[in-house]
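Under my numbering, the sequence shown has 44 at position 56, and the numbering climbs by one with no breaks.
Here a beta-carbon is modelled for each residue, glycine too, at the ideal position from N, C-alpha and C.
Here's the structure, in structure tokens; my notes come after.
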Amino acid sequence: ETLIGHFTIGGMTCAACVNSVEGILRELPGVEKAVVALATSFGEVEYAPTIISKDDIVSAIEEAGFEASFVQ
Ligand code: 9UX
């Protein structure tokens, strides 16, 4: 089973940031898909909640120097 999560992301100022954040997310066990938009500072992940939590996802983003918070 996978869920879709939406989050806002802060600290992305160029297109390379987007690639960086997407790359980090896609490497995480339990993350199936990740898309981040620079223009809207918005991201979407498809993840397996039995493997990874929203808190884990936020931590991974924040360790890379960005801010993230899930919308719901
Ligand atoms: Mo661009 Mo982002 O030069 O971490 S890669 S600001």
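**Request:** Please go through the same chain and pick out, in chain order, the residues whose beta-carbon is closer than 8 angstroms to the beta-carbon of Glu(-11), but skip the five residues on each side of it.
**Result:** Translated into positions along the sequence shown, residue -11 becomes position 1. If we look at Glu(-11) and ignore the five residues flanking it on each side, its Cβ neighbours are Ala36, Pro37 and Thr38.
**Prompt:** Does ligand 1 have even one heavy atom less than 8 angstroms from the beta-carbon of Ser8?
**Reply:** Numbered from 1 along the sequence shown, position 20 holds the residue referred to as residue 8. Because some heavy atom of ligand 1 lies under 8 angstroms away, the Cβ of Ser8 counts as near it: yes.
**Message:** What I want to know is whether the C-beta of Gly31 ends up closer than 8 angstroms to one or more non-hydrogen atoms of ligand 1.
**Reply:** Residue numbering aside, residue 31 sits at position 43 when the sequence shown is read from its first letter. No - ligand 1 has no heavy atom lying nearer than 8 angstroms to the Cβ of Gly31.
**Prompt:** When the Cα atoms are used, what is the spatial distance from Glu10 to Val19?
**Reply:** Stepping through the sequence shown from its first residue, residue 10 is reached at position 22. Stepping through the sequence shown from its first residue, residue 19 is reached at position 31. Those two C-alpha atoms are separated by around 11 angstroms.
**Asked** Which same chain residues, not among the five before or five after Val6, have their C-beta less than 7 angstroms away from its C-beta?
**Response** What you label residue 6 is simply residue 18 of the sequence shown in a count that begins at 1. Result list for Val6: Met0, Val24 and Leu26, in chain order.
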